[in-house]
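Chemist:
In my numbering, the protein residues as written are 93 to 595.
#1: If the criterion is Cβ atoms closer than 8 Å, does the pair residue 401 and residue 338 meet it?
#2: Given a cut-off of 8 Å on the beta-carbon distance, is the pair residue 326 and residue 500 in contact?
#3: If you measure between the beta carbons of residue 442 and residue 471, is that distance less than 8 Å?
#4: Distance, Cα to Cα, residue 142 vs residue 403?
#5: Could you pull the DSSP bridge partners for residue 360 from this structure?
#6: Output the boundary residues of the beta strand (DSSP E) element that contains residue 281.
#7: Is it buried or exposed, residue 197, if we count other Cβ atoms within 10 angstroms and call 16 or more buried?
#8: Helix, strand or coil: which one does DSSP assign to residue 388?
#9: I need the straight-line Cα distance from residue 136 to residue 228, nearest angstrom please.
#10: My output table needs one value for residue 246: the three-state DSSP class, helix, strand or coil.
#11: Take residue 492 and list the residues in its own chain whose beta-carbon comes closer than 8 Å to its own, dropping the five residues that flank it on each side.
#12: Using the Cα positions of residue 431 and residue 417, report the straight-line distance between them to the nearest angstrom.
#13: For the alpha helix (DSSP H) containing residue 431, list its first residue and its last residue.
#14: Just to confirm before moving on: does the CB-CB distance between residue 333 and residue 522 stay below 8 Å?
#15: What separation, rounded to the nearest whole angstrom, lies between the Cα atoms of residue 232 and residue 524?
#16: Could you tell me the distance, in whole angstroms, from the CA atom of residue 489 to the CA atom of residue 480?
#17: In this structure, does DSSP put residue 288 in helix, strand or coil?
#18: What would DSSP say about residue 418, mapped onto helix, strand or coil?
#19: Take residue 519 and list the residues in its own chain whose beta-carbon comes closer than 6 Å to its own, dropping the five residues that flank it on each side.
#20: According to DSSP, what are the bridge partners of residue 222?
#21: Using C-beta distances below 7 Å, list every residue in its chain close to residue 239, excluding the 5 sequence neighbours before and after it, in chain order.
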């Protein structure tokens with residue numbers, strides 16, 4: 093654990109859109125807190141601190157609003173490099189820079205609030221501000237650091253499989269603002285209308301059209317949609333895990349649907365529960381919330397294969413998409429039609445995660461209606477068998493038997509493996525281009541610094557020369573004055589001596 097507690101900021105609101113409910117696991121007190129308990133952050137000051145401008149880098153304190161003390165955040169050498177790069181690429185906004193009604197969040201949850209608005213004269217944005225509560229602040233600190241890392245690693249890529257961060261905003265005390273929120277937030281580009289995959293699965297919207305998928309005939313199941321969703325999510329995991337990012341809360345309500353982005357119509361959001369595995373301190377490891385409907389049995393990241401946590405969640409998403417009758421549960425397990433919650437939290441563990449046996453048994457239970465029909469098709473349709481085989485592997489209880497994201501994509505088929513390789517190459521090329529650009533900027537900065545140093549040295553040399561000339565001139569003048577005085581004294585003594593002789 094860290095010797096000095098990093099003080100933290102905003103928790104994330106559960107969703108971007110006000111059109112869908114906050115995640116069930118928050119409302120029914122089934123939040124799973126992983127690895128360790130939340131460390132107590134120490135308040136070190138009660139003064140507000142603006143992040144606007146260079147004085148705030150590397151952002152050592154935050155304005156937490158009325159009644160909230162500023163909390164210190166220790167910044168290591170690696171963090172300072174990240175912040176320096178962030179300063180060059182991301183924006184620092186004041187509340188006045190954004191067209192937002194700060195008194196009325198579009199959505200609110202246990203960990204924060206979400207606002208919709210726009211940059212004055214610019215693009216639409218989404219802003220998350222925190223609840224002034226310790227655990228929420230710790231979740232925010234992780235989300236902020238992870239978003240910085242993902243955004244800067246993407247270089248100049250316009251389309252990425254996660255929401256793209258634009259910067260941060262500070263809300264001054266002069267602006268009316270909810271008292272339970274911190275006066276700082278993360279700013280993202282608003283993409284799509286804010287609808288998540290859960291919104292599409294819950295009805296009213298066509299996920300096939302949104303994702304550009306041609307539906308292959310009328311079926312009880314949705315194998316094409318399930319395969320597409322899992323493929324996109326697994327490729328996103330590969331790119332995230334390449335940077336050491338483990339999300340730990342992958343699910344449909346944390347997956348934004350952006351029909352206008354043909355490259356990445358699914359975008360992962362809400363990184364408050366994530367962990368940076370590449371960080372020496374495993375940033376975020378001890379603080380997370382995970383939805384029990386999508387979290388793996390181990391509930392924690394395993395040191396041998398930490399990425400398999402999210403792989404399991406993708407498998408559960410694949411089931412959720414594949415079976416239309418496995419609808420999301422509500423606040424209670426008795427919610428009408430909420431079969432998925434019961435399936436994920438009770439039935440699957442009872443079957444020891446033997447998914448195929450559950451399909452076989454459910455197909456025989458005619459009283460379940462459409463769900464029984466869907467399971468019957470899953471049992472009898474040979475075209476669905478490869479997809480079921482993969483899902484069974486993704487939700488293996490034994491983490492050692494569970495494939496990695498790379499292995500899972502390869503099992504989806506050659507087209508998905510090729511797409512993954514292409515995206516990885518594009519990402520690597522973008523990173524390489526970004527590194528070249530950074531190196532060019534570094535060299536240019538070094539040249540400017542060297543030129544400035546030479547200019548300073550030349551000016552200093554000239555100043556020393558001028559000072560030396562002035563000193564020499566002053567010395568010569570002093571010697572001349574001394575000689576004049578000596579001559580004057582000698583002349584006077586001579587006159588005095590001659591007078592005595594005459595007398």
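The C-beta atom is built at its ideal place from N, Cα and C for all residues, glycine as well.
Modeler: The relevant details are as follows:
#1: Yes, the pair counts as a contact, with Cβ atoms nearer than the cut-off.
#2: Closer than 8 Å, so yes.
#3: No, Cβ-Cβ distance for residue 442 and residue 471 is not below 8 Å.
#4: Low confidence applies to residue 142: its pLDDT is 31, below 50, so where it sits in the model is not reliable enough to give any reading.
#5: The beta-bridge partner set that DSSP reports for residue 360 consists of 254 and 347.
#6: Looking at the DSSP string, the run of the beta strand (DSSP E) that includes residue 281 is 276-281.
#7: Label assigned to residue 197: buried.
#8: Residue 388 falls in the coil class under three-state DSSP.
#9: Caution is warranted here: a pLDDT of 26 is assigned to residue 136, below 50, making its placement in the model unreliable, and no coordinate value can be reported.
#10: Annotated three-state conformation of residue 246 is coil, per DSSP.
#11: Excluding residues within five positions, the ones whose Cβ falls inside 8 Å are 396 and 397.
#12: Approximately 7 Å between the Cα atoms of the pair.
#13: From DSSP, the alpha helix (DSSP H) with residue 431 extends over 431-434.
#14: The Cβ atoms of residue 333 and residue 522 lie no closer than 8 Å to each other.
#15: So the two alpha carbons sit approximately 29 Å from each other.
#16: Roughly 16 Å separates the two Cα atoms.
#17: Three-state DSSP puts residue 288 in a strand.
#18: Looking at residue 418 - three-state DSSP - the assignment turns out to be coil, as it is neither helix nor strand.
#19: Counting only residues of its own chain and dropping the five nearest sequence neighbours on each side, residue 519 has a CB closer than 6 Å to the CB of 331.
#20: 204.
#21: Same-chain partners within the cutoff: 257, 278 and 363.
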